[in-house]
Amino acid sequence: MSLIHATAIIDPRADIAEGVEIGPYSVIGADVVIGADTWIGPHVVISGPTRIGERNRIYQFASVGADCQDKKYRGEPTRLEIGDDNVIREACSLHRGTIQDKSLTKIGSRNLLMVNSHIAHDVVIGDDNIIANNAGIAGHVVIGDGVIVGGNSGIHQFCRIGSYAMLGGGTTLFKDVPAYVMASGNPAIPRGMNFEGMKRKGWSSETINALRRAYKAVYRDGLNLDDAYAPLAELASKAPEVQLFIDSLRASTRGIIR
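Counting in my numbering, the sequence shown runs from 11 upward without gaps.
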């Protein structure tokens, strides 16, 4: 049974699963699908087409699935998809995609979007990420898994942030961040890898040392990126985690931070 407050406005074309709770004065539009046991607080607006998975928590004044802020948008049918177990805090804004990309903004599972964070059109976000207060993620950005984006950061459109990377508070990013790399500043520059975080996760010393050498090959040895791939491949043959670093380098389209 769903628990919908009497003041909430639900379009009859919305699909609300069992166990969903919708708070006072929230508005759920047409073509919105909300998965089981999701909690929606008061004064939330969800527009469609939007598909929300199970056990999500969406706090007051969030705007989910609205038209994007792209002047090329002409009302075409585009989508927002959200996975399971996400927490979307107060005043976050999440916009649908555009036909100039794949018509889809997609957010994975178990992400924490803190207060007033903005997810623009055509953004793709993986799983287990933290987007801190007031961060702005511009259109077409791709974020991997386990990434931390510090508060008040700004991410330029089309940037890619590899899995397990970390951006410090107030970072302004114009280029891509490889997997595992910590960055901060305006513009962002590399600050090493999050080796302490790897230790806390129980990663072996062999893996951490291999990633340390991989970082050195790209950022300390004076090699251009093409020349760095050979030593990186040798490291990856012994520590598979290095392959994720290599893949993020190869996926870069804007060039990596230096």
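We treat Cβ as the ideally placed atom computed from N, Cα and C, and that holds for glycine.
Run the CB neighbour count on residue i, radius 10 Å, all protein chains shown included, and call it buried at 16 or more, exposed below.
i       : result
Glu-91  : buried
Gly-154 : buried
Ile-267 : buried
Thr-108 : buried
Glu-251 : buried
Ile-19  : exposed
Which whole-angstrom value is the C-beta distance of residue i and residue j, which I expect to be below 8 Å?
i       : j       : result
Val-133 : Ile-147 : 5 Å
Val-187 : Phe-168 : 13 Å between Cβ atoms; not a contact.
Leu-114 : Ala-189 : 23 Å between Cβ atoms; not a contact.
From residue i to residue j, what distance separates their C-alpha atoms?
i       : j       : result
Ile-98  : Ile-32  : 14 Å
Cys-102 : Ile-38  : 16 Å
Asp-25  : Ala-72  : 19 Å
Ile-117 : Leu-104 : 10 Å
Asn-234 : Gly-51  : 51 Å
Arg-210 : Lys-81  : 45 Å
Ser-119 : Asn-96  : 6 Å
Asp-236 : Asn-196 : 27 Å
Ala-258 : Leu-183 : Position check: residue 258 holds Ser in this sequence, whereas Ala was assumed. Approximately 16 Å between the Cα atoms of the pair.
Thr-88  : Gly-136 : 19 Å
Ser-262 : Ala-40  : 37 Å
Gly-232 : Ala-240 : 14 Å
Per DSSP, residue i forms a beta bridge with which residues?
i       : result
Ile-62  : Ile-44 and Ile-92
Val-54  : Per DSSP, none; premise fails for Val-54.
Arg-210 : According to DSSP, which records beta bridges pairwise, Arg-210 is partnered with nothing at all.
Met-203 : Val-191
Lys-116 : Glu-91 and Val-134
Asp-186 : Ile-266
Arg-67  : Trp-49 and Val-97
Met-176 : Ile-158 and Met-192
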